[in-house]
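Read through the structure below, which is laid out as structure tokens, and then see the notes.
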Amino acid sequence: MAIWDSDKIAVFDDYDLNEFKVNISRKEKFIYWAESFSEAGSYSTAKTKDTSGLKRYVSRINKENLSETFKLAEGNDAYASITDGDYLYATAVFTDRIEFYKYDNNLEVITNVTVKNDGQLNASQQFVIVDNYLYLLVTTLDLSTQVPNTEIWKMDKEFNIVEKYNLDETSAYMRMVNVDDVLYIVEALSGRNSDGEYKSGNKIMVFDLKSQSKNYIDIPDKYPTNIHYDAKNNQLIIENEGLYNGEFSFTTVNLDNLEEDIIHLEGFSTEQYIAPYFTFKDNIYYFLFNDSLVKYDIVDKKQTVINLENYKIKDAHYLIVK
């Protein structure tokens, strides 16, 4: 197991952090965006939070030797990004266009494509890869009517648009995951109330890429922000916004029977902590806060909290579980 701190990578030979191995000094003390990670094969990619000079970098991480490669992000951001193990595909969003960038393994840009807005604002949210095609979740705003919408853009890996799917949804759908040819897209917000405040989303859109049909799964907790898929247990894991709910919680949906459960991460104030980095291996879910690691056994539903300050870790933000 390896835990990223701002200045070092702490390596352990076990999953309970009882067998400390070594600290590896980091050449760059960058903090990663938890939501930006993508994994394929022996590599992960991510983007950094703002560094000095308000610069953002894209990174390629070798999960075997834990080395990191950084490159200043084209367009100074990677709004949506994904790796297929060979290349990193990323976007930068502007008021009049979306810029698409394809990076090689040295993070050199080998393809740059511009898609100009035409009568609507476009904001890229997330990529998934299905059958060697990129599928991009896009939030739009019609400039003449001011009505929002949601689209899926099917693209080849040179960013040529093959097809657009109009989902005809005014709610804010911002994150998705694919299970084979089916997209599960989480509804973060569902418009505003009479006071102008945002209303919580409360469902997952199920979009079949082959039939282009839509269905929905209702979910119990409020303000879902991110979604993951656990293939071993065939279940979705939905992260819920901490500040709006007053706690950090994750909703699980078993796709075999649609049984739902909520994991409550108790003891972590939303005023003192930001949302944890999440990953999983076998039947253990890992929630990484800056100074604590929470292990959750999905079989017996037992939580174990490990204090990372014992290892002089104060800015934990990424975790590799081998």
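Numbering follows numbering that gives the first Met the number 0, with no gaps: position 24 of the sequence shown is 23.
All residues carry an ideal CB built from backbone N, CA and C; glycine is no exception.
Predicted model only: the values in this text are computed from it and were never measured.
Skipping 5 residues on each side, what residues in its chain have a beta carbon closer than 7 Å to that of residue i?
i	result
S35	A45, K46, A77 and S80
S5	K28, I30 and D314
M154	Y132, L133, L135, I160 and V161
Looking at the structure shown, is residue i part of a helix, part of a strand, or coil, going by DSSP?
i	result
L264	strand
G195	coil
G190	strand
A45	strand
N64	coil
E162	strand
S123	strand
E322	No information on residue 322 is available, as it lies outside the stretch 0 to 321 that the chain covers here.
Y31	strand
E308	helix
N244	helix
Which same chain residues, not among the five before or five after residue i, have their C-beta less than 6 Å away from its C-beta?
i	result
L208	D180
A171	A187 and L188
L120	L140
V10	A1, K20 and V21
In angstroms, rounded to a whole number, what distance separates the CA positions of residue i and residue j?
i	j	result
T303	Y132	40 Å
V108	R55	16 Å
T138	P147	7 Å
L318	E150	32 Å
F126	S58	17 Å
L87	E157	12 Å
K213	D167	10 Å
K7	Q145	47 Å
L71	K62	21 Å
Q211	I184	14 Å
Return the bridge partner residues of residue i from the DSSP annotation.
i	result
N321	Looking at the sequence provided, one finds Lys at residue 321 rather than Asn. The partner list for K321 (beta bridge, DSSP) is empty, contrary to what the question assumes.
H227	I236
Considering Cα atoms alone, identify which of the options is closest to residue i.
i	options	result
N111	Q119, E270 and R96	R96
R25	S51, E67 and K48	E67
I257	S291, D296, L242 and L235	Note that residue 257 is Leu in the sequence shown here, rather than Ile. Among S291, D296, L242 and L235, the Cα nearest to that of L257 belongs to L235.
K48	G40, W32, A39 and Y42	W32
D141	I160, S123, I216 and N116	N116
I216	F69, T250 and G195	T250
A122	L106, F99, N64 and K311	F99
Y284	S37, I128, N309 and N232	N232
Excluding sequence positions up to five away, which residues of its chain have a Cβ less than 8 Å from the Cβ of residue i?
i	result
G190	T169, S170, Y197 and K198
G40	G84
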